[in-house]
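Each protein sequence line maps, in turn, to chains A and B. Its first residue numbered 1, the first sequence is counted upward by one per residue in the UniProt record's numbering. Its first residue numbered 1, the second sequence is counted upward by one per residue in the UniProt record's numbering. Quick reminder that beta carbons are idealized off the backbone N, C-alpha and C, glycines included. Just so it is clear, the structure is predicted and the values come from calculations on it, not from any experiment.
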Amino acid sequence: MSAAFVRFDDVSLAYDGTGNAIEDINLSIREGEFVAFVGPSGCGKSTFMKLCTGLHAPTQGSVSVDGAPVTGPLKISGMAFQNANLLPWRTTLDNVLLPLEIVEPYRRQFRKRREEFVGWARSLLKTVGLAEHENKYPWQLSGGMQQRASICRALIHQPRLLMLDEPFGALDAFTREELWCVLRDLWEAQRFTVVLVTHDLREAAFLADTVYVMSRRPGRVIERRSIELPRPRALETTYEKPFIDLVQELRAQIGEVRST
Amino acid sequence: MTVNSKLIERLAPWIAVVVLVMIWEVTVRLFNVPSFIFPGALETAQALITYAGPIGQHSWQTFWTTLIGFGLGVAVGLVLGFIIGSSRFLYNACYPLLVGFNAIPKVAFVPILVVWFGIGSVPAILTAFLICFFPIVVNVATGLATLEPEMEDVLRVLGARRMDVLLKVGLPRSLPYFFASLKIAITLAFVGTVVSETVASNQGIGYLMMSAGSQMRMGLVFAGLLVISAMAMVMYELFAQLEKRMTAWAHRS
Ligand SMILES: Nc1ncnc2c1ncn2[C@@H]1O[C@H](COP(=O)(O)OP(=O)(O)OP(=O)(O)O)[C@@H](O)[C@H]1O
Ligand SMILES: [Mg+2]
Numbered sequence: 001m002s003a004a005f006v007r008f009d010d011v012s013l014a015y016d017g018t019g020n021a022i023e024d025i026n027l028s029i030r031e032g033e034f035v036a037f038v039g040p041s042g043c044g045k046s047t048f049m050k051l052c053t054g055l056h057a058p059t060q061g062s063v064s065v066d067g068a069p070v071t072g073p074l075k076i077s078g079m080a081f082q083n084a085n086l087l088p089w090r091t092t093l094d095n096v097l098l099p100l101e102i103v104e105p106y107r108r109q110f111r112k113r114r115e116e117f118v119g120w121a122r123s124l125l126k127t128v129g130l131a132e133h134e135n136k137y138p139w140q141l142s143g144g145m146q147q148r149a150s151i152c153r154a155l156i157h158q159p160r161l162l163m164l165d166e167p168f169g170a171l172d173a174f175t176r177e178e179l180w181c182v183l184r185d186l187w188e189a190q191r192f193t194v195v196l197v198t199h200d201l202r203e204a205a206f207l208a209d210t211v212y213v214m215s216r217r218p219g220r221v222i223e224r225r226s227i228e229l230p231r232p233r234a235l236e237t238t239y240e241k242p243f244i245d246l247v248q249e250l251r252a253q254i255g256e257v258r259s260t
Numbered sequence: 001m002t003v004n005s006k007l008i009e010r011l012a013p014w015i016a017v018v019v020l021v022m023i024w025e026v027t028v029r030l031f032n033v034p035s036f037i038f039p040g041a042l043e044t045a046q047a048l049i050t051y052a053g054p055i056g057q058h059s060w061q062t063f064w065t066t067l068i069g070f071g072l073g074v075a076v077g078l079v080l081g082f083i084i085g086s087s088r089f090l091y092n093a094c095y096p097l098l099v100g101f102n103a104i105p106k107v108a109f110v111p112i113l114v115v116w117f118g119i120g121s122v123p124a125i126l127t128a129f130l131i132c133f134f135p136i137v138v139n140v141a142t143g144l145a146t147l148e149p150e151m152e153d154v155l156r157v158l159g160a161r162r163m164d165v166l167l168k169v170g171l172p173r174s175l176p177y178f179f180a181s182l183k184i185a186i187t188l189a190f191v192g193t194v195v196s197e198t199v200a201s202n203q204g205i206g207y208l209m210m211s212a213g214s215q216m217r218m219g220l221v222f223a224g225l226l227v228i229s230a231m232a233m234v235m236y237e238l239f240a241q242l243e244k245r246m247t248a249w250a251h252r253s
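Laid out in C-alpha cells, this is it:
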C-alpha cells in the first residue's frame with residue numbers, strides 16, 4: 001500500500017460552543033483512491049470536506065495532504081455540490097473556465113493561453129457529453145447537464161483531489177446512474193483522488209474503493225469498508241447478487257447506527 | 001390575423017391615451033368646468049403650443065438638473081452599495097441606518113438646502129440626488145450580500161480573495177438589481193427636482209407650474225404637468241430597455 005495522500009490524525013472540529021461536529025477522525029486515503037462517505041444527515045460529512053480542503057481548520061488534531069499539513073485552502077482540490085451553482089450570465093464553456101481565471105498559475109496566464117484553456121474545457125465537456133452545449137447558458141440546460149458542467153468546472157484545473165458533496169442528490173434515478181458512469185470514466189482515465197459524500201448506498205458501493213460510514217453527531221468514523229468489486233465496473237453489476245448483498249450489508253450497518 | 005392582433009396589442013396603450021384624453025375633454029365640457037379650475041385637453045394643448053418657448057426652456061432646466069442629481073445618485077449609490085454589500089459587518093451595521101434615512105421625507109431637506117446653497121439649481125440637484133440614491137444602494141448591497149456559501153467555497157478553495165469573489169460573482173449577480181433600481185431612481189429623481197423647484201427656484205418646470213398656478217393660468221400648469229410626465233416616462237422606458245438588454249439572463253430562468 002502506497003503512502004497516505006490525505007491523512008487525518010485525531011481530528012475534531014467544533015464550530016461553536018455546541019460541541020464537536022466531527023470527532024476523533026483517523027483515516028488515510030491513498031493517492032488515486034475513490035472514497036465515499038455515508039452517514040445520517042448532520043453527521044459532519046460536509047464538515048469533513050471543509051477540513052480536507054483547508055476551508056476550515058480543525059480544533060484538534062491535524063490534517064495533512066500530500067505529506068504537508070493543511071494550513072489554508074488547498075488549490076489542488078476541485079469541488080462540486082448538490083446544487084450545480086453555475087453562473088447564469090456565463091455560457092457553459094465560460095463557467096467551466098472560471099477556476100482558471102482564479103487559481104494560480106493559470107490566472108496569470110489566462111489571457112495568453114486562453115485558446116489552450118478553451119481546448120481543455122472543450123475536451124472535458126466532450127467527455128461528459130456536453131460538446132454541443134458549450135455556448136448555452138445554464139438555464140438552457142437540464143439539471144443533469146448542469147451537474148455535468150459543474151463537475152467539469154471542478155476538474156478544469158486538473159486537481160489531484162476531487163470533492164463531491166452529494167453531487168447527484170437532486171437528480172432522477174436514470175440521470176443519476178448515467179452520471180455515475182460519467183464520473184467512473186473520468187476517474188478511470190485520470191485517477192485523481194475522489195471524496196464523494198452521498199446518501200445513496202448503491203452509489204457509494206458502485207463508485208468507491210472504500211466506503212466510510214459515519215455515526216450521528218458528533219460524527220465519528222464507525223466503519224471502513226473496502227469494496228472489492230473488480231474494475232472497471234459496469235452499471236449492470238449493480239443489479240447482480242454480490243452487489244445487492246453488499247448494499248444490503250451496508251444498509252444493515254447504517255441501520256445499527258441509527259438505532260444506537 | 002395574428003399580425004393584426006399583434007398590431008392591436010402594440011397600439012393598445014396609445015388607444016388608451018387617446019380615450020383618456022377624450023374623456024377628459026368631454027367631461028370638462030359636459031360639466032362646464034371653468035378653465036381656471038380644470039382646463040380641457042384642447043386648452044392644455046393650446047397652452048402647450050403658445051408657450052412652447054418658455055416651456056422648452058424650463059423643461060430643459062428640469063431635465064439636466066434631474067440628470068445630474070441622478071448621475072450623482074448612481075455614482076454614490078454604486079460605490080456605497082459596493083462597500084456596504086462587500087462586508088457582512090458593514091451590511092448589518094449600515095442597513096438600519098439607511099432604512100431610517102430613507103424614511104425621512106426628502107422634501108424636508110429642501111429648506112435646509114436653500115439655507116446652505118441659496119435658491120437655484122443646486123438644491124434641485126441635491127434633492128434629486130438624495131431621493132434617488134437610496135434604492136440604488138440597497139439593491140446593489142443586497143445583490144452583493146446574498147451569495148451562496150457553496151459558490152464561495154468553490155472559489156475560495158482555489159485561492160480566491162474576497163475581491164475576486166465580489167468581482168466574478170457578486171457584482172454580476174447584483175447587476176439585475178442595479179438596473180431594476182435605475183428605473184425607480186430616475187422617476188424619483190424627477191420628483192425630487194420638481195418638488196425642489198416649486199419652493200426653491202426661479203427656473204424649471206416646477207417653478208413654471210407654481211407661478212402659472214398663482215396667476216390662475218391653469219392651461220399652462222397642465223401643460224407643464226404633461227411635459228414632466230412625458231419626460232419621466234421616456235426616461236423610465238429608456239432604463240427599462242437598458243435593463244432588458246444588460247441582464248437578459250436574469251429574466252429567462
Ligand atoms: N458553519 C457552521 N457553524 C456552526 N455549525 C455548523 C456549521 N456548519 C455545520 N454545522 C453543524 O455541524 C454539524 C455537521 O454539519 P455538516 O454540514 O457537516 O453535516 P452533513 O453530514 O454534511 O449533513 P447533510 O447530510 O445534511 O449535508 C451539523 O450539526 C451542523 O449543524
Ligand atoms: Mg452536507
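Taking CB distances under 8 Å as the criterion, tell me whether residue i reaches chain B.
i, result
"Y15 (chain A)", "no"
"K136 (chain A)", "no"
"M1 (chain A)", "At M1 (chain A) the pLDDT is 47, less than 50, meaning the model places this residue with poor confidence; the figure from the coordinates comes in the next sentence. Not one chain B Cβ lies under 8 Å of M1 (chain A)."
"T47 (chain A)", "no"
"T53 (chain A)", "yes"
"L98 (chain A)", "yes"
Hey, would you say the C-beta of residue i is under 7 Å away from at least one heavy atom of ligand 1?
i, result
"Y106 (chain A)", "no"
"S12 (chain A)", "no"
"A170 (chain A)", "no"
"Y15 (chain A)", "yes"
"A21 (chain A)", "yes"
"C94 (chain B)", "no"
"G77 (chain B)", "no"
"R217 (chain A)", "yes"
"G78 (chain A)", "no"
"G204 (chain B)", "no"
Run down chain A in chain order and give the residues with a C-beta less than 7 Å from the C-beta of residue i.
i, result
"V154 (chain B)", "M79 and N85"
"A160 (chain B)", "I102"
With a Cβ-Cβ cutoff of 8 Å, do residue i and residue j count as a contact?
i, j, result
"M79 (chain A)", "V154 (chain B)", "yes"
"G85 (chain B)", "A160 (chain B)", "no"
"E203 (chain A)", "F243 (chain A)", "no"
"A154 (chain A)", "L141 (chain A)", "no"
"R156 (chain B)", "L55 (chain A)", "yes"
"V195 (chain A)", "F5 (chain A)", "no"
"E134 (chain A)", "L124 (chain A)", "no"
"L98 (chain B)", "F134 (chain B)", "yes"
Residues of chain A with CB closer than 8 Å to the CB of residue i, please, in chain order.
i, result
"V169 (chain B)", "L87"
Would you check whether ligand 2 has a heavy atom nearer than 7 Å to the C-beta of residue i?
i, result
"S121 (chain B)", "no"
"S46 (chain A)", "yes"
"V197 (chain A)", "yes"
"D165 (chain A)", "yes"
Classify residue i as helix, strand or coil using the three-state DSSP reduction.
i, result
"P242 (chain A)", "helix"
"G40 (chain B)", "coil"
"V70 (chain A)", "coil"
"A4 (chain A)", "strand"
"R122 (chain A)", "helix"
"residue 257 (chain B)", "With chain B running from 1 to 253 in the structure shown, residue 257 (chain B) is simply not present."
"N83 (chain A)", "coil"
"L7 (chain B)", "helix"
"F37 (chain A)", "strand"
"T193 (chain A)", "strand"
"G219 (chain A)", "strand"
"Q60 (chain A)", "strand"
"S226 (chain A)", "strand"
Determine the chain B residues that contact residue i at a beta-carbon separation under 9 Å, and present them in chain order.
i, result
"P58 (chain A)", "Chain B residues near P58 (chain A): none, gap ~16 Å exceeds 9 Å."
Would the C-beta of residue i count as close to ligand 3, meaning under 7 Å from any of its heavy atoms?
i, result
"C52 (chain A)", "Judged by which ligands are present, ligand 3 is missing from the structure shown, whose ligands are ligand 1 and ligand 2."
Using a C-beta to C-beta distance shorter than 7 Å, which residues of chain B count as neighbours of residue i?
i, result
"L74 (chain A)", "V157"
Could you check whether the Cβ of residue i sits closer than 8 Å to any Cβ belonging to chain A?
i, result
"M151 (chain B)", "yes"
"E148 (chain B)", "yes"
"P172 (chain B)", "yes"
"W60 (chain B)", "no"
"W249 (chain B)", "yes"
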